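Engineer:
Residue numbers (this note's numbering), protein chains in the order written: chain A, 965 to 1188; chain B, 8 to 270.
1) Cβ of residue 1146(A) within 7 Å of Cβ of residue 1152(A)?
2) Can you give me the start and stop residues for the beta strand (DSSP E) that residue 983(A) sits inside?
3) If I measure Cβ to Cβ from residue 243(B) and keep anything under 6 Å in the same chain, skipping five residues before and after, which residues do I get?
4) Grouping DSSP H, G and I as helix and E and B as strand, with all else coil, what is residue 1007(A)?
5) Chain B beta carbons: is any one of them nearer than 7 Å to that of residue 1074(A)?
6) Starting from residue 979(A), find everything on chain B with Cβ-Cβ shorter than 7 Å and list it in chain order.
7) Would you say the stretch 1041–1050 of chain A touches the stretch 1155–1175 of chain A, given that touching needs at least three Cβ pairs under 8 Å?
8) For residue 209(B), collect the residues of the same chain with a Cβ closer than 8 Å to its Cβ; drop the 5 residues on either side in sequence, then sort them by chain order.
9) Give me the residue from 1009(A), 1130(A), 1109(A), 999(A) with the minimum Cα distance to residue 42(B).
10) Should residue 190(B) go down as buried or exposed, given a rule of 16 or more other Cβ atoms within 10 Å for buried?
11) From residue 131(B) to residue 138(B), what distance separates their C-alpha atoms?
12) Buried or exposed: where does residue 1036(A) fall if 16 or more other Cβ atoms within 10 Å of its Cβ makes it buried?
13) Flag this pair as touching only if the stretch 1058–1072 of chain A and the stretch 986–996 of chain A have three or more C-beta atom pairs under 8 Å; answer yes or no.
14) Report the rounded CA-to-CA distance for residue 1004(A) versus residue 37(B), giving the unit in angstroms.
15) According to DSSP, is residue 1117(A) helix, strand or coil?
16) So, with DSSP's three-state summary, where would you put residue 232(B)?
17) Smallest Cα separation from residue 1074(A): which of 1180(A), 970(A), 1182(A), 1181(A)?
18) For residue 1181(A) and residue 1086(A), which I take to be in contact (beta-carbon distance under 8 Å), what is that distance rounded to the nearest angstrom?
19) My output table needs one value for residue 159(B): the three-state DSSP class, helix, strand or coil.
20) With a threshold of 7 Å on Cβ separation, who are the neighbours of residue 203(B) within its own chain once the five nearest residues in sequence on each side are excluded?
21) Could you name the residues of the same chain whose beta carbon sits closer than 8 Å to that of residue 1033(A), not counting the 5 residues immediately before and after it, in chain order?
22) Out of 1007(A), 1179(A), 988(A), which one is the CA nearest neighbour of residue 44(B)?
23) Taking 7 Å as the threshold (beta carbon to beta carbon), is residue 21(B) in contact with chain A?
24) So, is residue 1000(A) buried or exposed, given that buried needs 16 or more other C-beta atoms within 10 angstroms?
25) Check each residue of the stretch 1133–1156 of chain A: if its Cβ is closer than 8 Å to any Cβ of chain B, include it; give the result in chain order.
26) Give the residues of chain A in contact with residue 57(B), contact being defined as C-beta atoms less than 8 Å apart.
27) Determine whether the Cβ of residue 1038(A) lies closer than 7 Å to any Cβ atom of chain B.
28) Quick check on the burial criterion: 16 or more other C-beta atoms within 10 angstroms. Buried or exposed for residue 256(B)?
29) How would you list, in chain order, the residues of chain A whose beta-carbon sits under 7 Å from the beta-carbon of residue 50(B)?
30) How big is the Cα-Cα spacing for residue 236(B) and residue 205(B)?
31) Under 7 Å between the Cβ atoms of residue 1079(A) and residue 1125(A)?
See the structure below:
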């Protein structure tokens, strides 16, 4: 019983480690990329669509709408980053119903990696939108004395992002594992289904918060 | 330690690879497809809107044309009705005129027939009366009717007032001595000579020429005509009252008949 899939190591040479987190991340990636490739090979612009194309269009459109609602901007530039975050986290969490599967999002390393990506993405989009000086000015708002607090706030919200996802998914997996040892029948199934809901909600929360952080950085620039 | 920094780095790389691959295989194709479809829909929508505009314009044009046609139809119908009404009135007027003309013609014809009837009646009456009188005279006085007529005529001449005789003489002079004796029957030469002698004896004439003529319309009568006066005896005078009586009688009878038919 491991608290994080990082500790399940399949192969290791010196510092190079192939643990369950990385392996199952590849699995999720493979499913996403192969599925996308298979569906988008034959796209139709006609009103009559295949079911899979229709499903993917709905997913992409839904993500676009969420981005538009959260940021108030055109979603085109955010779609790859935000969409990938959501799809990866969501699928990672949903696949917990597969026996033997270890969700990569249950690893603090993964959530930290994703949070770091968001941490980089916030200034990346901000600077691209209004320039470096314009972006950095927001840390001096409303007064330069607030600079340390702004930096602390920036870092802490990224840490909270990572730990929230990690905690929720890890606790869900642990709960199911513990329940399986206590009540092996029926109840773990319910908990696992509940875990899927929690997983999807956490994916949504992580994604929307990321979008809000990115958008708030951009909005702050616009105000100055 | 919950965080494995090698794993963190690997996951960042994995995430970036996944981002690139999904952008390549998912977002771009899907968004492109959606955009293309959207453009097509918009194009179709614009086309449909334009066609709808055109259709609306055509519909409004059609409505205007329809209204014009309706107006024209109404106008033509009104004209046709007026023309028909006019023609009807003309035809009625024409028919009335024709009926009036026919009625007048008929009445004229009726009057002619009536006149003819009266004429025939008068002649028949005269002849019959004449015949009756002749027979009666023959049976009673053994006398010829013509002789009696001549006697009455001569008697009338004999009993003329002096002024009347004078007037006749004057008129004979004015007519350059032309005297005409008209009778309904042939006068024998003796009778003619007798009349001439009688006229001379009465100082009505001297040596003027006397012309004797026959007029069947007189029925039974004899007259002396100059250019301005006439001395005559005619059986028709006696018949005149009878004829007038019958004329009045038939007239009243016809009137009653017509009134009866009218009812």
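Note that CB positions come from ideal geometry on N, CA and C, so glycine has one too.
All values reported here derive from a predicted model rather than from experimental measurement.
Structural biologist: In short, the structure shows the following:
1) no
2) 980–983
3) Beyond the five residues adjoining it in sequence on each side, residue 243(B) comes within less than 6 Å, by CB distance, of 226 in the same chain, given in chain order.
4) coil
5) yes
6) 13
7) yes
8) 164, 165, 167, 172
9) Residue 1009(A) is the option with its Cα nearest to residue 42(B).
10) buried
11) 10 Å
12) exposed
13) These segments touch.
14) 7 Å
15) helix
16) strand
17) 970(A)
18) 5 Å
19) helix
20) Excluding sequence neighbours, residue 203(B) sits near 217.
21) none
22) 1007(A)
23) yes
24) Around the C-beta of residue 1000(A), 16 or more other C-beta atoms lie within 10 Å, and the residue is accordingly described as buried.
25) Under the 8 Å Cβ criterion, the stretch 1133–1156 of chain A contributes no residue.
26) Within chain A, no residue comes near residue 57(B); the closest Cβ sits about 21 Å away, beyond 8 Å.
27) no
28) Around the beta-carbon of residue 256(B), fewer than 16 other beta-carbon atoms lie within 10 Å, marking it exposed.
29) Those within 7 Å of residue 50(B) in chain A number zero; the least Cβ separation is about 12 Å.
30) 18 Å
31) yes
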